[in-house]
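In the working numbering, the protein residues as written are 471 to 760.
Glycine residues also receive a C-beta, built at the ideal position from the N, C-alpha and C atoms.
Working notes, structure below.
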């Protein structure tokens, strides 16, 4: 079976995290490709998902909410990396779910010293273990930094404030959430990626200064910015960013000054070129008031 073929005997696919950035596009992609989709959410009335998806109530970490209405007719699931996912996996496997695509993080690959013991690595390694100890039919997606992280600049950009940026020469390869979602869809609709761990980044590494320039061009507005030190960033953001996350970010930005992210787009799974940061800006213009 080729990576573009879809099985005609598709069961219902359960999508957790269906209201998130990846989950929403995954649901839409699966529906477009003819799959039957069930979305699990704690607040069904607030999902605003496409027509055609079955929405059921449930909490990944609460076994009492994970009954037959969640799993009937399901043999595969997209596993969002929520805390307490081991509870969900126990219920899913007991109900007959045997195929899982897991949303993890490139930090779990432990490719760099900065990853060892980082907040992202510890969390996502535990999520991966919760799945791989329950079933042999898994696929793990490990995206790097998401382009959506640039939404942290939404307020200063829309208000005209000056961005204060540490490590502006560090270079990352931000991945569009749509690429991750479409890779997830492919792994759920074909049998070609069982047992694979798939890193995913954007198609190009851009310095943080170039990322701002890409935003400026795509939004059609000047975005003033200035470089600040790591200590200044730490002081200014300490009340908003927990210390473990702060360390992880600063370590990542510091390391990618001398060693830029290595681009690894989802082409190997989707068969399509990865979306650029400029594509992401076009898709998110409204988020920045453009």
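Among the options, whose alpha-carbon lies nearest the alpha-carbon of residue i?
i           : options            : result
residue 636 : 704, 490, 692      : 704
residue 551 : 663, 564, 722, 599 : 599
residue 748 : 632, 643, 622      : 643
residue 667 : 699, 604, 677, 654 : 654
residue 491 : 699, 605, 583, 621 : 621
residue 543 : 505, 573, 557, 714 : 505
residue 578 : 485, 669, 746      : 669
residue 628 : 488, 708, 760      : 760
residue 523 : 555, 538, 485, 546 : 485
residue 702 : 662, 741, 634      : 634
residue 723 : 744, 675, 756      : 675
residue 511 : 757, 700, 548      : 548
residue 609 : 570, 595, 689      : 570
residue 646 : 639, 500, 619, 727 : 619
residue 673 : 597, 725, 745      : 745
residue 541 : 733, 508, 553      : 508
residue 640 : 526, 726, 497, 545 : 726
residue 593 : 602, 575, 605, 662 : 575
residue 660 : 563, 739, 515, 755 : 739
residue 795 : 495, 482, 604, 488 : The displayed coordinates of the chain run from 471 to 760. Any statement about residue 795 would go beyond what the structure contains.
residue 714 : 584, 501, 545, 573 : 584
What is the DSSP secondary structure of residue i, counted as helix, strand or coil?
i           : result
residue 482 : strand
residue 591 : helix
residue 755 : helix
residue 514 : helix
residue 474 : Only weak support exists for where residue 474 lies, its pLDDT of 36 falling under 50; the coordinates are left without a value.
residue 491 : helix
residue 521 : coil
residue 509 : strand
residue 600 : helix
residue 734 : coil
residue 692 : coil
residue 606 : coil
residue 580 : coil
residue 748 : helix
residue 717 : helix
residue 705 : helix
residue 442 : Residue 442 lies beyond the stretch modelled for the chain, which goes from 471 to 760, so this question has no answer here.
residue 729 : coil
residue 498 : helix
residue 760 : coil
With DSSP as the reference, identify every bridge partner of residue i, one or two as the case may be.
i           : result
residue 711 : DSSP lists no partner for residue 711.
residue 698 : None, per the DSSP bridge assignment.
residue 573 : 611
residue 842 : For residue 842 there is no data in the structure shown, the boundaries of the chain being 471 and 760.
residue 526 : 510
Problem set entry | Start-end ranges of the beta strand (DSSP E) lying completely within the segment 530-569, minimum 3 residues | Those beta strand (DSSP E) runs which fall completely within the segment 530-569 and span 3+ residues are 544-549.
Exercise. Taking three-plus beta-carbon pairs below 8 Å as touching, is the segment 518-532 in contact with the segment 612-622?
Worked result: With the cut-off at 8 Å, the segment 518-532 and the segment 612-622 do not touch.
For this session: Let me know the alpha helix (DSSP H) ranges lying completely inside the segment 628-685, each 4 residues or longer, listed in chain order.
Result: Qualifying alpha helix (DSSP H) stretches, in chain order: 647-659.
Problem set entry | Segment contact flag, the segment 718-733 with the segment 588-603, C-beta cutoff 8 Å, min 3 pairs | With contact defined as three or more Cβ pairs closer than 8 Å, the segment 718-733 and the segment 588-603 are in contact.
Exercise. Can at least three beta-carbon pairs, one atom from the segment 694-701 and one from the segment 736-754, be found at a separation below 8 Å?
Worked result: Between the segment 694-701 and the segment 736-754 there are fewer than three C-beta pairs closer than 8 Å, too few to call the two in contact.
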